[in-house]
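Peer 1:
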Amino acid sequence: MKFIQREDWGAPATSPAAYLASAHGVKIHYLGAPYSSRAHGSCPAYVRGIRAEHLANTVENYVDIAYSAVVCEHGYVYEGRGAHKRTGANGNQDLNVRDYAVCALLGDSGLTKPPDAMLSGLRDAIEWLRQDGAAGSWIGGHRDGYATLCPGDPLYAWVEDGAPRPGGATEPAGGTYTVRAGDTLAAIARRLDVSWPDLASANGIRAPYTIHPGQALKIPAGGIGGTPPPFPGTGAFVLGRSNPAVTVLDGGLIRHGFTRHHDGNGYQPGPVFTTYTRDNVVDFQRSRPELAGDADGYPGPLTWQLLLS
Ligand SMILES: [Zn+2]
Ligand SMILES: [Zn+2]
């Protein structure tokens, strides 16, 4: 995920917005104003402009940019109020407490059709809010339950399709396992030879990872057939943040010998996505013709597949 934290686009590090323990889901927005395609270099200034405009809005009395996140046409996710913060964008207090709000830099004239990179970024933002912000699985548009054209017909059509990742998401494949008394997720994962984070994510199981006897678990593609574990989503790879999938990624980098960037003690597997991890991923991507054109150090489904096969 190409994630730009608040302080990196010019907002104070933490939003003063109210705490939100969890959300029903994520609502997608657009600008609803003319917007023209632009070079990425001017995107951060545009996001700062949105925040300034919101702070100046005396009718709404916003304490911050209203959105949980903003996504540009180049697929970058700007942290807005962020995870576990109440949004101000959904139209009223009930709706703001119910769902997060992610805004695409997309207009009602000019740039009106979301490019694939933007859709990927929106998907990244949704997955990030699920993972870090306890968002539920619902995805809707601002117009759901509120009288507005937002997020515009082209983007809403994508929302109605279930907000698919362009190019096809990696779906877990292969059979189910029925939980027995005394099973733990880790024990089942060992038995099936898959990683437990993959098993949890394939089944939508979150901390504290409760399972119950009789429950049918989808078995993710993984160790059984020697195929790579399913791609965990780009939300697993955010600089400075921890995710079990990073340890799996590190295993692939080490097996393929891409370890020249490290902290001085050799490259060790671990859950934090560091600049060393990213730089080693860049080296791997540059070594593969099919990845070299987009060697940004952030694993997508193809990097993941090639690295772990
Ligand atoms: Zn909206
Ligand atoms: Zn951009």
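Terminal number for the sequence shown in the working numbering: 309, no gaps in between.
The beta-carbon is built from N, C-alpha and C at its ideal position, and this holds for glycine as well.
For clarity, every value in this text was computed on a predicted model and none was experimentally measured.
#1: Report the option in G252, V59, Y276 and P271 whose CA atom is closest to the CA atom of N265.
#2: For ligand 1, I want to know if A89 counts as a neighbour, meaning its beta carbon is within less than 7 Å of at least one of the ligand's heavy atoms.
#3: Specify, as a first and last residue, the run of the beta strand (DSSP E) that G133 falls within.
#4: Mind checking which residues open and close the alpha helix (DSSP H) that includes I254?
#5: Between T247 and the rest of its own chain, which residues show a CB-CB distance below 8 Å, the 5 nearest in sequence each way excluded?
#6: Leaving out the 5 sequence neighbours to the left and right, which residues in its chain are closer than 8 Å to E171 when beta-carbon positions are compared?
#7: How far does the alpha helix (DSSP H) with C72 in it reach, from first residue to last?
#8: Should T310 be listed as close to ligand 1, given that the test is whether its C-beta is under 7 Å from any heavy atom?
#9: On the three-state DSSP scale, how would you describe V159?
#10: In chain order, what are the residues with a CB under 5 Å from some non-hydrogen atom of ligand 1?
#11: Excluding sequence positions up to five away, which residues of its chain have a Cβ less than 8 Å from the Cβ of T16?
#12: What residue does the beta strand (DSSP E) around H29 start on, and which one ends it?
#13: Where does G235 sit, in a helix, a strand or coil, going by DSSP?
#14: Quick one: residues in its chain with C-beta nearer than 6 Å to the C-beta of G10, no 5 flanking neighbours on either side, listed in chain order?
#15: Using DSSP with H/G/I as helix, E/B as strand and the rest coil, what is I219?
#16: Can you tell me the Cα-Cα spacing of K218 and N203, whole angstroms?
#17: Here's a check: name, in chain order, each residue in its chain whose Cβ is nearer than 8 Å to the Cβ of L239, leaving out the five neighbours to either side.
#18: Is it the case that the segment 80-91 contacts the segment 30-41, given that we only count it when at least three CB pairs across the two stretches are under 8 Å?
#19: Among residues of its own chain, excluding the 5 on either side of L253, which ones have a beta-carbon nearer than 8 Å to its beta-carbon?
#20: Quick test of the definition: if touching needs 3 or more C-beta pairs under 8 Å, does the segment 175-189 touch the segment 130-149?
#21: Which whole-angstrom value describes the C-beta separation of A83 and L122, a residue pair presumed to lie in contact below a C-beta threshold of 8 Å?
Peer 2: So, from the listed chains and residues:
#1: Y276
#2: yes
#3: Looking at the DSSP string, G133 is not in any beta strand (DSSP E); the run it does join, the alpha helix (DSSP H), is D116 to G133.
#4: P244 to H256
#5: P269, G270 and P271
#6: At E171, the pLDDT of 38 sits below 50, so the modelled position is not reliable and the matter cannot be decided from this model.
#7: Premise fails: C72 is in no alpha helix (DSSP H) and is neither H nor E.
#8: Beyond the ends of the chain as shown, which are 1 and 309, falls residue 310; an answer cannot be given.
#9: helix
#10: H29, H142 and C150
#11: What sits at residue 16 in the sequence shown is Pro, not Thr. Around P16: V63 and D64.
#12: A23 to H29
#13: helix
#14: R48
#15: coil
#16: 6 Å
#17: F3, F273, T274, T275 and R278
#18: no
#19: T259, Y267, T277, N280, V281, F284 and L307
#20: no
#21: Rounded, the Cβ-Cβ distance is 16 Å, inconsistent with contact.
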